[in-house]
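**Q**
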Amino acid sequence: MRRNDRHIRTSHGGNLPLPADLDALLATTDRDQAAVETRLVSAVREVVGTQVECGLDVVNDGEYVKAGAAGAYTGYINARVTGWETREGDAAPPPKRGGPGERDRALFPGTHESGLWLSGSGGANRPGFATPGRTPRRRGTRVCVEPVRYTGHDAVAADIKALREALPGGDTEGFIAALGPLSLGAGAVNEHYASEEEYLFAVAEVMREEYRAITGAGLIVQLDEPEFLTTWQFHPDWDIPRYRKYLELAVEVINHALAGIPVEQVRFHSCFGSGHRPHVADIELRHVVDLIPRIDAQCYAIESGNVRHAHEWRVWENVTLPEGRMVMPGVVSHATDLVEHPELVAERLVNFASVLGRDNVQGGTDCGIGSRVGHEEIAWAKLRALGEGAAIASKTLWP
């Protein structure tokens, strides 16, 4: 992963708007898979070009393959792993935990019941994520019933090929986002392994196969692990010491998944859950920020742009990054349709540079914005603001 060279490098959280025609293909129940795959390849070329036009330095495939999977964000991996089954109704064991907004739900029960959490800025109204005819997200409880295995080698190879062929070369780098081991396994009930710890380490080895494929092709892997900061919401009965104890295990599991993978090709991403909700009960970053640099990644992409977390750049004053490590704060939010002014983006980047050093800061989004903001025009406007803001910050930091 290239470091800053007289300018702040930029990237984003992964998910980007789908072209309308590809979205229509994916929404067809009896879709022509060959036509879908052909269109995916050309769509990746288009989305890479658009990212470069926005001024981004580290680009991806838009996560288009995930948009075509049932369950979108996590659904893609179900076709690439074995060892789990989904049980519904009376056959399902009790869930292990609450939802990603469990603490907020207790504080705002009326808002939750009104359904407002599913409307406004967010994926609920976005074409392609709640479209009639698209396979709905499976409900029920996932259960591990046998040894877990990775079987997605051909699928990830196709993803890699499409992105590599679309990259323009030069100073532009490519990344592919892959699900973290916690986000794959922690919510499922373990009925096969002797302990929860043994189970999670087995899941880590499964996902390592995908990470190795991506980095072995010379690309950056973004390990998507929203669970790291969202688990606080899942367990409203936990206190901070109990949560930190869990995260210490989580760091071990994540590093096990990354064993043997060059640190320079790893970006770790975590957010506070992408739901359109109050977020007043999110964990404050100061309680856990010291654990983040223990993860074997060169860059840490942490949600920092939404109004509940934009002030937390000061938390990094008390963090010593290992040599060569970087932070990619979200300076553009996926939680609002308001487009950040480039001067605000620049101000946020300069703030982070003041505590971390200008060489140790890159610019990003809080999370994927393709399925969260209300319209693709807004998503691309936000990314252009990111590119413009980073250029302004660069002039300040390298006068």
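According to the UniProt record's numbering, the stretch in the sequence shown is residues 1 to 399, in order. Virtual Cβ for every residue (Gly too), placed ideally from N, Cα, C. Note that the structure is a prediction, hence the values are computed from the model and not measured.
Using DSSP with H/G/I as helix, E/B as strand and the rest coil, what is P17?
**A** coil
**Q** Can you look up Q222 in the DSSP assignment and give me helix, strand or coil?
**A** Strand at Q222.
**Q** Under the three-state reduction of DSSP, which class applies to I160: helix, strand or coil?
**A** Helix at I160.
**Q** For G128, collect the residues of the same chain with a Cβ closer than 8 Å to its Cβ; drop the 5 residues on either side in sequence, then sort them by chain order.
**A** For G128, the pLDDT reaches just 35, beneath the cut-off of 50, and the residue's location in the model is therefore unreliable, although a value from the coordinates is still provided. Around G128: L18, D23, L26, A27, A67, R134 and S371.
**Q** Thinking H7 and S394 are a contact (beta carbons under 8 Å), I'd like their distance in whole angstroms, please.
**A** 4 Å
**Q** To the nearest angstrom, report how far apart V373 and A194 are at their CA atoms.
**A** C-alpha separation (whole angstroms): 43 Å.
**Q** Am I right that E102 and F234 are in contact with their C-beta atoms under 8 Å? What's the rounded C-beta distance?
**A** 6 Å
**Q** What residue from G218, V189 and V355 has the CA that sits closest to K96's CA?
**A** V189
**Q** Are the Cβ atoms of E209 and L179 separated by less than 9 Å?
**A** no
**Q** Where do the N-terminal and C-terminal ends of the beta strand (DSSP E) with H269 fall, by residue?
**A** V266 to S270
**Q** Using only the alpha-carbon positions, how far apart do V59 and R242 sit?
**A** 37 Å
**Q** If we ignore side chains and look at the alpha-carbon of each, how far apart do V332 and R87 end up?
**A** 38 Å
**Q** I'd like to know if the segment 27-38 and the segment 355-372 are in contact, where contact means that at least 3 CB-CB pairs between them fall below 8 Å.
**A** no
**Q** Tell me, please, whether the segment 265-276 touches the segment 218-238 by the rule of three or more beta-carbon pairs shorter than 8 Å.
**A** yes
**Q** What do you reckon, are the CB atoms on V81 and V148 nearer than 9 Å?
**A** yes
**Q** Does S274 pass the burial test, meaning 16 or more other C-beta atoms within 10 Å, or should it be called exposed?
**A** buried
**Q** Secondary structure at E388, three-state DSSP: helix, strand or coil?
**A** Helix.
**Q** Short of 6 Å in beta carbon distance, which residues of its chain neighbour E340, apart from the five on each side in sequence? Order them along the chain.
**A** V332 and A385
**Q** Along the alpha helix (DSSP H) that carries W232, what are the first and last residues, could you check?
**A** E227 to F234
**Q** Using the Cβ count rule (16 or more neighbours within 10 Å means buried), how would you classify I369?
**A** buried
**Q** What first and last residue would you give for the beta strand (DSSP E) that runs through Y300?
**A** C299 to I302
**Q** Entirely within the segment 143-199 and at least 3 residues each: give me those beta strand (DSSP E) ranges in chain order.
**A** 173-179
**Q** Closer than 8 Å is the cut-off here; do at least three beta carbon pairs connect the segment 168-176 with the segment 48-63?
**A** yes
**Q** Which value, in whole angstroms, describes the spacing of the CA atoms of D239 and H311?
**A** 23 Å
**Q** On the three-pair Cβ rule with 8 Å, is the segment 314-333 touching the segment 342-352?
**A** yes
**Q** Report the three-state DSSP secondary structure of P278 (helix, strand or coil).
**A** coil
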